[in-house]
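Read through the structure below, which is laid out as C-alpha coordinates, and then see the notes.
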Amino acid sequence: MSTTEELQTLVLTILDAKGTIPNTKDLVTSDNKEVDQLALLGALKSLSIADKEMVKYETIEEEIWVLTDEGNEIADKGSHEAKVFDAIPVGEEGIAISALREILDETAKIGQGKAFKNKWVIKRGDNLVRAVDSIIDQTRIDLEVIRSTGTHSDPKVLFELRKRKLCDKHKVISYSVSKGPKFSLTIEKQARDVTFEMLQSGEWKTANFKKYNFDALGIPPSGGHLHPLMKVREEFRQIFFEMGFEEMPTNKFVESSFWNFDSLFQPQQHPARDAHDTFFLKDPAICTQFPTEYLKRVKEVHSIGGYGSTGYGYDWKIEEAQKLILRTHTTAVSSFMLYNLAQQKEFKPVKYFSIDRVFRNETVDATHLAEFHQVEGVIADKGLTLGDLIGFMNTFFNKMGVKNLRFKPAYNPYTEPSMEIFSYHQGLGKWVEMGNSGMFRPEMLEPMGLDPEVRVIAWGLG
(Lines of atoms letter the chains of each structure in order from A and count residues from 1; the text may use other names and numbers.)
(Lines give C-alpha, C1' and ligand atoms only; values in the text may rest on other atoms or scores of the structure.)
Protein backbone atom coordinates (compact mmCIF):
# COMPACT_ATOMS: atom_id res chain seq x y z
CA MET A 1 0.00 0.00 0.00
CA SER A 2 1.24 3.50 -0.86
CA THR A 3 2.05 5.89 1.96
CA THR A 4 0.10 9.12 2.58
CA GLU A 5 2.99 11.19 1.25
CA GLU A 6 3.15 9.12 -1.98
CA LEU A 7 -0.62 9.50 -2.51
CA GLN A 8 -0.39 13.27 -1.92
CA THR A 9 2.39 13.57 -4.48
CA LEU A 10 0.39 11.46 -6.98
CA VAL A 11 -2.72 13.67 -6.63
CA LEU A 12 -0.79 16.96 -6.87
CA THR A 13 1.19 15.79 -9.92
CA ILE A 14 -1.96 14.75 -11.83
CA LEU A 15 -3.76 17.99 -10.87
CA ASP A 16 -0.77 20.02 -12.08
CA ALA A 17 -0.85 18.19 -15.42
CA LYS A 18 -4.61 17.86 -16.01
CA GLY A 19 -6.28 20.42 -13.73
CA THR A 20 -8.84 17.99 -12.29
CA ILE A 21 -9.32 14.32 -11.44
CA PRO A 22 -12.93 13.49 -12.44
CA ASN A 23 -13.01 10.17 -10.56
CA THR A 24 -10.26 8.75 -8.36
CA LYS A 25 -11.40 5.17 -8.98
CA ASP A 26 -9.38 5.34 -12.21
CA LEU A 27 -6.16 6.28 -10.37
CA VAL A 28 -3.26 3.86 -10.36
CA THR A 29 0.07 4.03 -8.55
CA SER A 30 3.49 4.20 -10.21
CA ASP A 31 3.69 0.39 -10.13
CA ASN A 32 0.29 0.19 -11.88
CA LYS A 33 -1.71 -0.86 -8.80
CA GLU A 34 -5.22 0.32 -7.97
CA VAL A 35 -5.34 3.10 -5.36
CA ASP A 36 -7.00 2.27 -2.05
CA GLN A 37 -9.80 4.86 -1.76
CA LEU A 38 -9.82 4.87 2.05
CA ALA A 39 -6.08 5.60 2.17
CA LEU A 40 -6.58 8.24 -0.53
CA LEU A 41 -9.27 9.94 1.59
CA GLY A 42 -6.70 10.47 4.35
CA ALA A 43 -4.33 12.10 1.86
CA LEU A 44 -7.10 14.34 0.46
CA LYS A 45 -8.18 15.45 3.94
CA SER A 46 -4.61 16.38 4.78
CA LEU A 47 -4.30 18.47 1.59
CA SER A 48 -7.66 20.20 2.01
CA ILE A 49 -7.61 21.28 5.66
CA ALA A 50 -8.28 24.96 6.33
CA ASP A 51 -4.67 26.03 6.76
CA LYS A 52 -3.54 24.26 3.55
CA GLU A 53 -6.45 24.37 1.05
CA MET A 54 -4.23 22.83 -1.65
CA VAL A 55 -7.07 20.74 -3.12
CA LYS A 56 -10.85 20.50 -3.05
CA TYR A 57 -12.72 17.21 -3.34
CA GLU A 58 -16.26 15.83 -3.49
CA THR A 59 -17.49 12.35 -2.70
CA ILE A 60 -18.87 10.12 -5.48
CA GLU A 61 -21.08 7.20 -4.43
CA GLU A 62 -21.84 4.45 -6.93
CA GLU A 63 -23.55 1.08 -6.64
CA ILE A 64 -21.93 -1.68 -8.68
CA TRP A 65 -22.43 -5.40 -8.98
CA VAL A 66 -19.48 -7.61 -8.15
CA LEU A 67 -19.03 -11.36 -8.48
CA THR A 68 -18.69 -13.66 -5.51
CA ASP A 69 -15.87 -16.21 -5.41
CA GLU A 70 -18.19 -18.80 -6.94
CA GLY A 71 -19.30 -16.28 -9.57
CA ASN A 72 -15.69 -15.56 -10.54
CA GLU A 73 -14.98 -19.27 -10.85
CA ILE A 74 -17.98 -19.73 -13.19
CA ALA A 75 -16.90 -16.71 -15.27
CA ASP A 76 -13.47 -18.35 -15.65
CA LYS A 77 -14.39 -22.03 -16.07
CA GLY A 78 -18.09 -22.24 -16.98
CA SER A 79 -21.38 -22.79 -15.11
CA HIS A 80 -22.35 -25.92 -13.21
CA GLU A 81 -25.02 -26.78 -15.79
CA ALA A 82 -22.52 -26.36 -18.67
CA LYS A 83 -20.07 -28.67 -16.90
CA VAL A 84 -22.83 -31.29 -16.54
CA PHE A 85 -23.63 -31.05 -20.27
CA ASP A 86 -19.95 -31.30 -21.24
CA ALA A 87 -19.49 -34.38 -19.03
CA ILE A 88 -22.26 -36.30 -20.86
CA PRO A 89 -20.88 -38.18 -23.90
CA VAL A 90 -22.52 -37.72 -27.32
CA GLY A 91 -24.87 -40.59 -28.16
CA GLU A 92 -27.97 -42.40 -27.01
CA GLU A 93 -26.32 -44.09 -24.04
CA GLY A 94 -25.21 -40.92 -22.18
CA ILE A 95 -23.76 -41.39 -18.67
CA ALA A 96 -24.98 -42.96 -15.46
CA ILE A 97 -26.06 -40.42 -12.84
CA SER A 98 -23.81 -42.11 -10.24
CA ALA A 99 -20.83 -41.87 -12.59
CA LEU A 100 -21.57 -38.20 -13.24
CA ARG A 101 -21.51 -37.49 -9.51
CA GLU A 102 -18.18 -39.25 -9.17
CA ILE A 103 -16.74 -37.02 -11.90
CA LEU A 104 -18.24 -33.65 -10.84
CA ASP A 105 -19.02 -34.16 -7.13
CA GLU A 106 -21.21 -31.25 -5.83
CA THR A 107 -21.24 -29.59 -9.25
CA ALA A 108 -23.32 -32.50 -10.59
CA LYS A 109 -26.00 -31.97 -7.93
CA ILE A 110 -26.22 -28.19 -8.57
CA GLY A 111 -25.89 -28.26 -12.35
CA GLN A 112 -28.21 -31.20 -13.02
CA GLY A 113 -31.37 -29.28 -12.10
CA LYS A 114 -30.38 -26.25 -14.15
CA ALA A 115 -29.54 -28.45 -17.14
CA PHE A 116 -32.99 -30.08 -16.94
CA LYS A 117 -34.61 -26.62 -16.64
CA ASN A 118 -32.72 -25.43 -19.75
CA LYS A 119 -33.81 -28.64 -21.56
CA TRP A 120 -30.19 -29.50 -22.29
CA VAL A 121 -30.44 -33.05 -20.93
CA ILE A 122 -33.06 -35.75 -20.41
CA LYS A 123 -33.18 -38.74 -18.13
CA ARG A 124 -33.27 -42.21 -19.69
CA GLY A 125 -33.46 -44.88 -17.01
CA ASP A 126 -30.57 -44.28 -14.61
CA ASN A 127 -28.64 -42.34 -17.23
CA LEU A 128 -28.51 -38.74 -18.40
CA VAL A 129 -28.49 -38.15 -22.17
CA ARG A 130 -27.89 -34.98 -24.16
CA ALA A 131 -31.12 -33.45 -25.50
CA VAL A 132 -29.41 -30.92 -27.81
CA ASP A 133 -26.24 -30.97 -29.87
CA SER A 134 -24.70 -27.78 -28.43
CA ILE A 135 -25.38 -25.11 -25.77
CA ILE A 136 -24.68 -21.48 -25.04
CA ASP A 137 -23.50 -20.97 -21.45
CA GLN A 138 -25.54 -17.82 -20.83
CA THR A 139 -24.77 -17.80 -17.11
CA ARG A 140 -21.05 -17.54 -17.80
CA ILE A 141 -21.64 -14.81 -20.41
CA ASP A 142 -23.81 -12.79 -18.01
CA LEU A 143 -21.23 -13.05 -15.24
CA GLU A 144 -18.45 -11.93 -17.59
CA VAL A 145 -20.53 -8.86 -18.51
CA ILE A 146 -21.09 -8.02 -14.82
CA ARG A 147 -17.42 -8.48 -14.01
CA SER A 148 -16.31 -6.15 -16.81
CA THR A 149 -19.02 -3.45 -16.49
CA GLY A 150 -20.21 -3.69 -12.89
CA THR A 151 -23.83 -4.13 -13.95
CA HIS A 152 -26.19 -5.83 -16.43
CA SER A 153 -28.86 -4.42 -18.72
CA ASP A 154 -31.47 -6.98 -17.59
CA PRO A 155 -32.57 -6.58 -13.93
CA LYS A 156 -34.06 -10.09 -13.98
CA VAL A 157 -30.65 -11.56 -14.72
CA LEU A 158 -29.13 -9.66 -11.81
CA PHE A 159 -31.94 -10.84 -9.51
CA GLU A 160 -31.52 -14.47 -10.56
CA LEU A 161 -27.73 -14.48 -10.25
CA ARG A 162 -27.92 -12.78 -6.86
CA LYS A 163 -30.43 -15.42 -5.77
CA ARG A 164 -27.86 -18.06 -6.78
CA LYS A 165 -25.25 -16.14 -4.71
CA LEU A 166 -23.07 -15.59 -7.78
CA CYS A 167 -23.04 -11.78 -7.49
CA ASP A 168 -23.98 -9.02 -5.08
CA LYS A 169 -24.48 -5.26 -4.99
CA HIS A 170 -21.71 -3.15 -3.43
CA LYS A 171 -21.44 0.57 -2.68
CA VAL A 172 -18.24 2.08 -4.07
CA ILE A 173 -16.99 5.45 -2.84
CA SER A 174 -14.51 7.51 -4.83
CA TYR A 175 -13.76 11.23 -5.20
CA SER A 176 -13.59 14.01 -7.76
CA VAL A 177 -10.63 16.31 -7.05
CA SER A 178 -9.75 19.83 -8.20
CA LYS A 179 -7.14 22.46 -7.34
CA GLY A 180 -7.60 24.51 -4.19
CA PRO A 181 -6.83 28.25 -3.72
CA LYS A 182 -3.39 27.43 -2.26
CA PHE A 183 -2.47 24.71 -4.77
CA SER A 184 1.22 23.95 -4.97
CA LEU A 185 3.42 21.00 -5.83
CA THR A 186 5.39 21.55 -2.65
CA ILE A 187 3.86 20.40 0.63
CA GLU A 188 5.00 22.62 3.48
CA LYS A 189 5.69 20.52 6.56
CA GLN A 190 3.77 21.87 9.53
CA ALA A 191 5.26 21.95 13.00
CA ARG A 192 3.45 19.89 15.62
CA ASP A 193 5.18 21.04 18.80
CA VAL A 194 7.04 24.04 20.12
CA THR A 195 10.60 22.78 20.55
CA PHE A 196 13.47 24.09 22.68
CA GLU A 197 15.33 25.06 19.49
CA MET A 198 12.31 27.11 18.27
CA LEU A 199 12.21 29.03 21.52
CA GLN A 200 15.92 29.76 21.36
CA SER A 201 15.93 30.91 17.72
CA GLY A 202 12.54 32.64 17.75
CA GLU A 203 11.37 30.43 14.88
CA TRP A 204 8.13 29.70 16.74
CA LYS A 205 6.92 33.21 15.89
CA THR A 206 6.72 32.51 12.14
CA ALA A 207 6.40 28.71 12.13
CA ASN A 208 3.31 27.16 10.48
CA PHE A 209 1.79 24.94 13.16
CA LYS A 210 -0.56 22.09 12.51
CA LYS A 211 -4.02 22.87 13.87
CA TYR A 212 -5.07 20.84 16.90
CA ASN A 213 -8.01 18.52 16.27
CA PHE A 214 -10.17 18.77 19.36
CA ASP A 215 -12.63 16.22 17.92
CA ALA A 216 -10.03 13.47 17.57
CA LEU A 217 -10.38 10.51 19.91
CA GLY A 218 -7.48 9.68 22.17
CA ILE A 219 -5.62 6.38 22.02
CA PRO A 220 -7.16 3.96 24.52
CA PRO A 221 -4.64 3.18 27.27
CA SER A 222 -3.22 -0.32 27.09
CA GLY A 223 -3.00 -0.58 30.89
CA GLY A 224 -5.65 -0.58 33.56
CA HIS A 225 -6.78 -3.62 35.49
CA LEU A 226 -9.13 -4.49 38.30
CA HIS A 227 -7.60 -4.24 41.75
CA PRO A 228 -7.10 -7.73 43.27
CA LEU A 229 -9.56 -6.79 46.02
CA MET A 230 -12.19 -5.90 43.42
CA LYS A 231 -11.61 -9.22 41.64
CA VAL A 232 -12.23 -11.14 44.87
CA ARG A 233 -15.26 -8.96 45.60
CA GLU A 234 -16.77 -9.77 42.20
CA GLU A 235 -16.17 -13.50 42.71
CA PHE A 236 -18.08 -13.32 46.01
CA ARG A 237 -20.93 -11.38 44.37
CA GLN A 238 -21.32 -13.94 41.61
CA ILE A 239 -21.46 -16.79 44.15
CA PHE A 240 -24.21 -15.00 46.07
CA PHE A 241 -26.20 -14.24 42.91
CA GLU A 242 -25.84 -17.86 41.81
CA MET A 243 -27.36 -18.93 45.14
CA GLY A 244 -30.36 -16.60 44.77
CA PHE A 245 -29.30 -13.71 47.04
CA GLU A 246 -30.24 -10.04 46.71
CA GLU A 247 -27.59 -7.37 47.30
CA MET A 248 -28.30 -4.88 50.09
CA PRO A 249 -27.71 -1.12 49.58
CA THR A 250 -24.53 -0.30 51.51
CA ASN A 251 -23.79 3.24 50.28
CA LYS A 252 -24.19 4.83 53.76
CA PHE A 253 -20.83 4.80 55.53
CA VAL A 254 -22.19 7.03 58.31
CA GLU A 255 -24.67 5.27 60.56
CA SER A 256 -26.40 6.01 63.86
CA SER A 257 -25.39 4.08 66.96
CA PHE A 258 -29.01 2.93 67.13
CA TRP A 259 -28.85 0.90 63.91
CA ASN A 260 -25.20 -0.07 64.35
CA PHE A 261 -25.49 -1.24 67.99
CA ASP A 262 -28.84 -0.83 69.80
CA SER A 263 -31.05 -2.53 67.21
CA LEU A 264 -28.66 -5.52 67.38
CA PHE A 265 -29.27 -5.91 71.14
CA GLN A 266 -25.74 -4.73 71.86
CA PRO A 267 -25.66 -2.93 75.27
CA GLN A 268 -24.60 0.68 75.49
CA GLN A 269 -21.79 -0.26 77.89
CA HIS A 270 -20.22 -2.69 75.40
CA PRO A 271 -16.46 -2.05 74.83
CA ALA A 272 -16.98 -1.94 71.04
CA ARG A 273 -18.89 1.32 71.53
CA ASP A 274 -15.92 3.11 73.09
CA ALA A 275 -14.02 5.85 71.26
CA HIS A 276 -10.90 3.72 71.03
CA ASP A 277 -12.80 1.18 68.89
CA THR A 278 -15.24 3.38 66.94
CA PHE A 279 -14.99 6.61 64.89
CA PHE A 280 -17.54 9.16 66.15
CA LEU A 281 -18.59 12.16 64.03
CA LYS A 282 -18.29 15.72 65.33
CA ASP A 283 -20.46 17.58 62.81
CA PRO A 284 -23.21 16.48 62.58
CA ALA A 285 -22.81 14.55 65.80
CA ILE A 286 -26.28 13.05 66.24
CA CYS A 287 -29.29 11.68 64.37
CA THR A 288 -32.84 12.15 65.64
CA GLN A 289 -34.94 10.29 63.07
CA PHE A 290 -35.93 6.80 64.24
CA PRO A 291 -39.12 4.66 64.02
CA THR A 292 -40.79 5.77 67.28
CA GLU A 293 -42.57 2.54 68.28
CA TYR A 294 -39.59 0.40 67.35
CA LEU A 295 -37.31 2.67 69.38
CA LYS A 296 -39.53 2.17 72.46
CA ARG A 297 -39.44 -1.63 72.08
CA VAL A 298 -35.63 -1.62 71.70
CA LYS A 299 -35.31 0.53 74.84
CA GLU A 300 -37.60 -1.83 76.74
CA VAL A 301 -35.83 -5.05 75.76
CA HIS A 302 -32.46 -3.52 76.73
CA SER A 303 -33.72 -2.13 80.06
CA ILE A 304 -36.18 -4.68 81.44
CA GLY A 305 -36.18 -7.50 78.88
CA GLY A 306 -39.00 -9.19 76.99
CA TYR A 307 -39.56 -11.91 74.39
CA GLY A 308 -38.29 -14.52 76.86
CA SER A 309 -35.28 -12.44 77.92
CA THR A 310 -34.46 -10.52 81.12
CA GLY A 311 -32.57 -7.88 79.15
CA TYR A 312 -29.46 -6.15 80.46
CA GLY A 313 -31.13 -4.28 83.33
CA TYR A 314 -29.62 -0.83 82.78
CA ASP A 315 -30.93 2.67 82.11
CA TRP A 316 -30.97 2.84 78.29
CA LYS A 317 -30.26 6.40 77.02
CA ILE A 318 -31.51 7.84 73.74
CA GLU A 319 -28.46 10.17 73.68
CA GLU A 320 -26.15 7.20 73.16
CA ALA A 321 -28.33 5.78 70.37
CA GLN A 322 -28.36 9.14 68.54
CA LYS A 323 -24.58 9.38 68.14
CA LEU A 324 -23.37 9.25 64.53
CA ILE A 325 -20.45 6.97 63.72
CA LEU A 326 -18.62 5.42 60.80
CA ARG A 327 -20.29 2.01 60.71
CA THR A 328 -18.23 -0.70 62.38
CA HIS A 329 -19.93 -3.55 60.47
CA THR A 330 -22.43 -3.99 57.64
CA THR A 331 -24.77 -5.76 60.09
CA ALA A 332 -26.23 -2.27 60.62
CA VAL A 333 -27.56 -2.53 57.06
CA SER A 334 -28.85 -6.07 57.70
CA SER A 335 -30.74 -4.80 60.76
CA PHE A 336 -32.39 -2.01 58.76
CA MET A 337 -33.36 -4.44 55.95
CA LEU A 338 -34.87 -6.90 58.42
CA TYR A 339 -36.87 -4.09 60.06
CA ASN A 340 -38.26 -3.15 56.61
CA LEU A 341 -39.07 -6.83 56.01
CA ALA A 342 -41.06 -6.88 59.28
CA GLN A 343 -43.20 -3.97 58.06
CA GLN A 344 -44.48 -5.95 55.06
CA LYS A 345 -48.10 -7.12 55.28
CA GLU A 346 -47.15 -10.69 54.39
CA PHE A 347 -43.82 -12.28 55.33
CA LYS A 348 -41.77 -13.68 52.47
CA PRO A 349 -38.45 -15.54 52.92
CA VAL A 350 -35.44 -13.47 51.85
CA LYS A 351 -31.73 -13.88 51.19
CA TYR A 352 -29.63 -10.73 51.55
CA PHE A 353 -25.89 -10.11 51.16
CA SER A 354 -23.52 -7.15 51.21
CA ILE A 355 -19.83 -6.57 50.48
CA ASP A 356 -18.54 -3.17 51.46
CA ARG A 357 -16.25 -1.10 53.67
CA VAL A 358 -16.47 -0.87 57.44
CA PHE A 359 -14.38 1.24 59.84
CA ARG A 360 -12.64 0.52 63.14
CA ASN A 361 -10.48 2.83 65.25
CA GLU A 362 -7.55 0.44 65.03
CA THR A 363 -3.85 1.16 65.44
CA VAL A 364 -2.52 0.89 61.88
CA ASP A 365 0.24 -1.69 61.48
CA ALA A 366 1.33 -4.43 59.06
CA THR A 367 -1.86 -6.45 59.63
CA HIS A 368 -4.43 -3.78 60.62
CA LEU A 369 -6.04 -0.84 58.86
CA ALA A 370 -8.67 1.66 59.98
CA GLU A 371 -10.99 0.32 57.28
CA PHE A 372 -11.55 -3.07 55.64
CA HIS A 373 -14.13 -4.91 53.57
CA GLN A 374 -16.72 -7.15 55.18
CA VAL A 375 -18.73 -9.87 53.44
CA GLU A 376 -22.06 -10.47 55.12
CA GLY A 377 -25.16 -12.49 54.41
CA VAL A 378 -28.51 -13.20 56.08
CA ILE A 379 -31.28 -15.69 55.35
CA ALA A 380 -34.71 -15.14 56.93
CA ASP A 381 -37.33 -17.88 56.90
CA LYS A 382 -39.54 -19.86 59.23
CA GLY A 383 -38.13 -23.00 60.83
CA LEU A 384 -34.44 -22.39 60.11
CA THR A 385 -31.97 -24.22 62.36
CA LEU A 386 -28.27 -24.22 63.14
CA GLY A 387 -27.97 -27.20 60.77
CA ASP A 388 -29.19 -24.96 57.92
CA LEU A 389 -26.45 -22.45 58.75
CA ILE A 390 -23.74 -25.14 58.80
CA GLY A 391 -25.05 -26.62 55.55
CA PHE A 392 -25.08 -23.23 53.86
CA MET A 393 -21.55 -22.45 55.06
CA ASN A 394 -20.27 -25.72 53.58
CA THR A 395 -21.97 -25.00 50.24
CA PHE A 396 -20.82 -21.37 50.13
CA PHE A 397 -17.18 -22.07 50.95
CA ASN A 398 -17.13 -25.09 48.64
CA LYS A 399 -17.97 -22.75 45.74
CA MET A 400 -14.91 -20.72 46.77
CA GLY A 401 -12.75 -23.84 46.68
CA VAL A 402 -12.54 -24.13 50.49
CA LYS A 403 -13.63 -27.64 51.48
CA ASN A 404 -12.23 -28.46 54.92
CA LEU A 405 -14.30 -26.50 57.50
CA ARG A 406 -14.59 -26.63 61.26
CA PHE A 407 -17.05 -24.74 63.51
CA LYS A 408 -16.31 -23.56 67.05
CA PRO A 409 -18.84 -22.16 69.57
CA ALA A 410 -18.47 -18.43 70.18
CA TYR A 411 -20.22 -15.44 71.76
CA ASN A 412 -21.83 -12.49 69.97
CA PRO A 413 -24.25 -10.03 71.63
CA TYR A 414 -26.85 -10.41 68.87
CA THR A 415 -26.57 -14.11 67.87
CA GLU A 416 -27.26 -17.23 69.88
CA PRO A 417 -26.01 -19.82 69.14
CA SER A 418 -22.86 -18.34 67.57
CA MET A 419 -20.02 -20.06 65.73
CA GLU A 420 -16.58 -19.12 64.48
CA ILE A 421 -15.68 -20.67 61.11
CA PHE A 422 -12.25 -22.22 60.59
CA SER A 423 -10.58 -23.78 57.54
CA TYR A 424 -7.40 -25.84 57.43
CA HIS A 425 -4.65 -24.03 55.50
CA GLN A 426 -2.34 -26.54 53.83
CA GLY A 427 0.43 -23.99 53.28
CA LEU A 428 0.48 -22.77 56.87
CA GLY A 429 -0.22 -26.21 58.27
CA LYS A 430 -2.83 -24.93 60.73
CA TRP A 431 -6.53 -24.01 61.15
CA VAL A 432 -7.27 -20.40 60.14
CA GLU A 433 -10.35 -18.40 61.20
CA MET A 434 -12.49 -17.46 58.18
CA GLY A 435 -15.40 -15.64 59.78
CA ASN A 436 -18.20 -15.52 62.34
CA SER A 437 -21.79 -16.73 62.20
CA GLY A 438 -24.87 -17.43 64.21
CA MET A 439 -28.65 -17.10 64.55
CA PHE A 440 -30.05 -13.66 65.41
CA ARG A 441 -31.55 -13.51 68.89
CA PRO A 442 -35.31 -13.03 69.51
CA GLU A 443 -34.42 -9.86 71.48
CA MET A 444 -33.21 -8.42 68.16
CA LEU A 445 -35.85 -9.79 65.76
CA GLU A 446 -39.15 -9.63 67.62
CA PRO A 447 -38.98 -5.90 68.55
CA MET A 448 -38.81 -5.27 64.80
CA GLY A 449 -42.21 -6.89 64.44
CA LEU A 450 -41.12 -10.20 62.88
CA ASP A 451 -43.17 -13.31 63.58
CA PRO A 452 -41.70 -15.34 66.52
CA GLU A 453 -41.48 -18.33 64.14
CA VAL A 454 -39.14 -16.45 61.79
CA ARG A 455 -35.50 -17.41 62.20
CA VAL A 456 -32.56 -15.52 60.71
CA ILE A 457 -29.18 -17.13 60.13
CA ALA A 458 -26.26 -14.77 59.47
CA TRP A 459 -22.52 -14.77 58.89
CA GLY A 460 -19.74 -12.32 58.24
CA LEU A 461 -16.28 -12.57 56.70
CA GLY A 462 -13.75 -9.79 57.23
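Just so you know, the sequence shown maps onto residues 1 to 462 in full-length UniProt numbering. Cβ atoms here follow ideal geometry from the backbone N, Cα and C, with glycine treated the same way.
If you draw a 10 Å sphere on the C-beta of Pro-452, you find fewer than 16 other C-beta atoms in it, and that means exposed. Annotation for Gly-111: the continuous alpha helix (DSSP H) segment containing it runs 106-117.
Residue ranges of uninterrupted alpha helix (DSSP H) with 4 or more members, entirely inside the region 50-77 and ordered along the chain, are 69-77. The three-state reading of DSSP puts Val-121 in strand, counting E and B together. Looking at the DSSP output, Asn-436 shares a beta bridge with Glu-420 and Gly-460. In the pairwise beta carbon analysis, the region 311-321 is classified as not touching the region 199-206: fewer than three pairs are separated by under 8 Å.
When the five nearest sequence neighbours on each side are left out, the beta carbons in the same chain lying within less than 8 Å of the beta carbon of His-425 are those of Trp-431 and Val-432, in order along the chain.
Assignment of Glu-376 by DSSP, reduced to helix, strand and coil, places it in the strand class. Under the DSSP assignment, Tyr-175 falls in the beta strand (DSSP E) whose first and last residues are 167-179. By the Cβ-count criterion, Phe-359 is buried, with 16 or more other Cβ atoms from all chains shown falling within 10 Å of its own Cβ.
In the DSSP assignment, Leu-281 falls outside any beta strand (DSSP E), carrying neither H nor E.
In this chain, the alpha helix (DSSP H) harbouring Glu-242 covers 228-242. If you draw a 10 Å sphere on the C-beta of Phe-209, you find fewer than 16 other C-beta atoms in it, and that means exposed. Per DSSP, the beta bridge partners of Gly-306 are Ser-309. By the C-beta density criterion, Ser-263 is buried, having at least 16 other C-beta atoms within 10 angstroms.
Remark: fewer than three beta-carbon pairs, one from each stretch, lie closer than 8 Å, so the region 72-91 and the region 170-189 are not flagged as touching. Contact between Ser-2 and Thr-29 holds: their C-beta atoms lie close to 5 Å from each other, under 8 Å.
If you draw a 10 Å sphere on the C-beta of Gln-238, you find fewer than 16 other C-beta atoms in it, and that means exposed. If you draw a straight line from the Cα of Leu-27 to the Cα of Asp-137, it is about 34 Å long.
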